[in-house]
Each structure stands twice: as structure tokens, then as C-alpha cells.
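For the sequence shown, my numbering assigns the number 1064 to the initial residue and increments by one for each residue that follows.
This report concerns only the one structure given below.
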Amino acid sequence: MRLLSIGAFAQATRLSPKALRLYDELGLLPPAFVDPDSGYRFYDPAQPLARIRIVCDLDPAQAAGEVAAYWAQVEADTASRRDLAAFLIATLSGRKTAMPGAQEALAIRYAARTDIGRVRETNQDSAYAGSRLLAVADGMGVGGARASAAVIDALKPLDDALPAGDLLNALEQAVEQASATVGGLTDTGADHGQTGTTVTAMLWSGSQLALVHIGDCRAYLLRDGELFQITHDHTVVQSLLDEGRITPEEAASHPQRSLLLRAIDGTAVDLDTSLHDARAGDRYLLCSDGLTGVVSTEMIHDTLRGTGDPDQAAARLVEAANAGGGPDNVSCVVADIVPLAAPAAR
Ligand SMILES: [Mn+2]
């Protein structure tokens, strides 16, 4: 390990030596080694340098996204360690227990619908729901339909066998693989680089749901009657909204509201990731922008709350999009977390 002097480290991080000494005193960024004789501080180049540099080079909206992604990773890491710690505590204290999270046996009931809408000539959306995997993808460009199908195809093997390791890693690897396929479509496409797809996917382990997201499909959680949007759109309009430069009303009718900041297009994949603890009674919705572009959040909320069967809920949401003019392809995946004993798990 080659250590850097405080001067060299300051240059690399674009932080002043004074700031570094302050961060040391605050315990935010302690040096790797302090010379006991001279008191000089030395830093390991592997300290969070790379990430700090990335954030410094980004514009504010992208930097916000990077920090959010970092924090989501911290929370995901902590959640899995918490489950393991709870399991160890229970075991060491002699309480008989099942594996982490398995105390309450849960199952999932699911349905997927995709529809061409009323205006488009092809359906470039893809949707999938299985006993472990839920996914929607919205393709764009000449090869859009193949791009969205490619990402779903890359994810599908996860539905058959739960990965041995980390759920999020498995999802991320599948999306990376799909990105290479989409890159191939882009190279041969007539639209030179315009082919791509979004994806929002969840993988169910029995106690947790791992979520990966890129683009403007959305995931919602209906819990205790309240609706929460649990993904953040990677659109120009969303970043204008985040910066307070437009109002939610202006965003809803913005002519460029489908302009994406991030997608799977063969270039580096920049996914949002998160882990969610499963709770009986929760209902998840994954949907493409063909739903949220025309159907109000209130109506989505009412439909999810007022419709018992997942298949019926998905069908009603698609109907609502078409009743609103159906300007885009529309896809909905609805999944309910239920106690294992519940009938009609499908
Ligand atoms: Mn769309």
C-alpha cells in the first residue's frame, strides 16, 4: 500500500489540507497513518477518493443522484447486516428461530399486463411477473422492442433460481449483461445510438425485495392504505422539479417530460438500487410512463386500494390509461405480499 502525503491527497481530492485536518478532527475522514514522531498525516489512495472525485465532476443534479445511490447502497448493506445480526443474536441467546426474515412465512401473488395503447403502431414495452421476478421495461428507438425484451430475457433466469449471493448483485449483473446486448442493437440500428430501454425490476427472496431502476418506469408501494413512489425518474423534467425550477403541474404537462437522463443504451449502466423488507399486506406496482403520463396518482392510488385481485388491478390501470387517450404503450405489474397460508397463490 502506497500512502499519500496530506499535500498529495489534498490535490487528488481537491480538498485543502486545512479541510482535511478539520475532517480528521471531526472523524469524517481520518488518515490511514499518522507519523508518531512528526505528526504528519498520510492517506491511503483507496480512501473514498474515487467517489468524491466523481461527485465533484458532476453537475448538481447528477451529483445528487450519485450521493443518493451511495446512500441507498449504505442502507442496503446495513439492512442485510441487521438481518444477519438479528439472526445471530437470536441463535446465541438460545432462542430457536428460522433464518433471517423467515419468521413470518410470506408468499407473493402477481400479475403483469402490457398493452399497445391507442396511438402507437408497435408495443415497445415489456413486462414480466413470476414467482420471484417482477419487471417492466420501456424500449425506445428503432430497436426499442428488442431492447426492452433483451433486458427482461437477461433477468428471467433469476425467476427460476434464487441467486446464492446478494440479490442486488444478481440483478445488477443481469442488467449489465442486457446492456451489452442493447449495445449490439444500437450498433446495427438505423437510428445510430437512439436504441435503448429503461428497466424497473424487483427480485423477491421470501423476506426482502431488491429493486433496481433506471429511466422513467416507476415502482410504487401501497402500504397501510398509503401510496409511496419508491423510484426516482431519471428525466430532465424530474431534475428541473428537484431543483425547484418548475412546479409539479408544469412537470405533468411538460412537452419534454419523456426526455431521459439515464437508460440502458450500451454505455455504462448507472442503476439505482434499494432493498425493501417484505410485509404482509403490502402491494407493489411497477409501471411504464404510459400509465403515469395520463393517469393521475390519485386514480392509481384508488385503483390499487379498491381492487382485490392483482390481475384485475393491472387490467383496470391499463384500461384507465387507454381511457385517457392511450398515447403510449402501457405496462403494469401488480404484486401482493400475502401470508403463505393464503389461498390462490399463483
Ligand atoms: Mn413509454
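Beta carbons are placed, not taken as given, at the ideal position from N, Cα and C, and that holds for glycine.
Identity of the residues DSSP links to residue i by a beta bridge
| i | result |
| --- | --- |
| residue 1189 | 1200 |
| residue 1264 | 1198 and 1275 |
| residue 1350 | 1281 and 1395 |
| residue 1178 | 1393 |
| residue 1400 | 1171 |
| residue 1156 | Residue 1156 is not bridged to any residue. |
| residue 1068 | 1105 |
| residue 1257 | For residue 1257, which the question treats as bridged, DSSP gives no partner whatsoever. |
| residue 1235 | Its beta-bridge partners do not exist; DSSP assigns none. |
| residue 1097 | 1104 |
Residue i versus the options, residue with shortest Cα-Cα distance
| i | options | result |
| --- | --- | --- |
| residue 1172 | 1398, 1402, 1220 and 1104 | 1398 |
| residue 1124 | 1305, 1150, 1362 and 1334 | 1305 |
| residue 1356 | 1391, 1337 and 1097 | 1391 |
| residue 1223 | 1193, 1203 and 1202 | 1193 |
| residue 1244 | 1330, 1298, 1320 and 1307 | 1330 |
| residue 1347 | 1150, 1082, 1401 and 1303 | 1401 |
| residue 1195 | 1154, 1071, 1099 and 1169 | 1169 |
| residue 1234 | 1205, 1209, 1212 and 1272 | 1272 |
| residue 1377 | 1342, 1283, 1335 and 1396 | 1396 |
| residue 1072 | 1225, 1107 and 1268 | 1107 |
| residue 1132 | 1203, 1118, 1144 and 1097 | 1118 |
| residue 1081 | 1100, 1096 and 1104 | 1104 |
| residue 1214 | 1226, 1199, 1267 and 1205 | 1199 |
| residue 1375 | 1351, 1262, 1247 and 1175 | 1175 |
| residue 1185 | 1208, 1167 and 1197 | 1208 |
Which runs of the alpha helix (DSSP H) fall wholly inside the region 1356-1395 and span at least 4 residues, in chain order? Those alpha helix (DSSP H) runs which fall completely within the region 1356-1395 and span 4+ residues are 1360-1369 and 1373-1386.
With a floor of 4 residues, list each alpha helix (DSSP H) that falls wholly inside the region 1113-1152, ordered by position along the chain. Correct list: empty.
So, does the region 1373-1384 touch the region 1325-1332, judging by three or more C-beta pairs under 8 Å? Because the criterion of three Cβ pairs below 8 Å is not met, the region 1373-1384 and the region 1325-1332 do not touch.
Touch check for the region 1368-1376 and the region 1126-1137: three-plus C-beta pairs under 8 Å? Not touching, per the Cβ criterion.
Ordered list of alpha helix (DSSP H) runs contained in the region 1305-1346, each at least 4 residues: The qualifying runs are 1311-1315.
Does the structure place the region 1211-1228 close enough to the region 1185-1200 that three or more beta carbon pairs sit under 8 Å? Touching, per the Cβ criterion.
Taking a cut-off of 6 Å, which residues have a beta-carbon closer than that to any heavy atom of ligand 1, in chain order? That gives 1201, 1351, 1352, 1353, 1391 and 1392.
Count the C-beta pairs between the region 1272-1282 and the region 1293-1307 that are closer than 8 Å, then say yes if the count reaches three, no if not. The region 1272-1282 vs the region 1293-1307: in contact.
Tell me whether the region 1262-1269 and the region 1332-1349 touch, counting them as touching only if at least three CB pairs, one residue from each stretch, are closer than 8 Å. Judged by Cβ distances under 8 Å, the region 1262-1269 makes contact with the region 1332-1349, as three or more pairs qualify.
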